[in-house]
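Here the structure comes first, spelled out in structure tokens, and everything after it is commentary.
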Amino acid sequence: LVHAWPAARAALLHDRALVAAEPWRLATGSLVHWSMSPLLMDLAAFGAGAALVERRGRGQLALLCVAAAVAVGTG
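Okay, here's the thing in structure tokens:
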């Protein structure tokens, strides 16, 4: 969806120069993919991790989602 909507892509893309004014970019940058290959690789890795963590509870899965998004943005 973000790939098909250029305005959303521009608003969510991780841009270091804009993070201070728009901190959500730390967490939303991982939603922007420039091609299908990285998207599929990210979905496969996330799916494997999510399957393991969800067994502990949905709260743990939500924590994984937030932590992963912020970790990718700060990394």
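For the sequence shown, position 1 matches number 346 in this note's numbering, and the numbering has no gaps at all.
Backbone N, C-alpha and C fix where the C-beta goes; we use that ideal spot for every residue, glycine too.
Quantities reported herein were computed from a predicted structural model and do not represent experimental measurements.
Nearest C-alpha to Phe391 among Gly418, Leu409, Gly404, Met381: Leu409.
In this structure Arg370 touches Leu357 by the C-beta definition: roughly 7 Å separates them, less than 8 Å. The beta-carbon distance between Ala395 and Leu406, rounded to whole angstroms, is 6 Å. This is short enough to meet the 8 Å contact definition. A buried status is given to Ala372, since no fewer than 16 other beta-carbon atoms sit within 10 Å of its beta-carbon.
Ala414 places its beta carbon less than 8 Å from that of Ser375.
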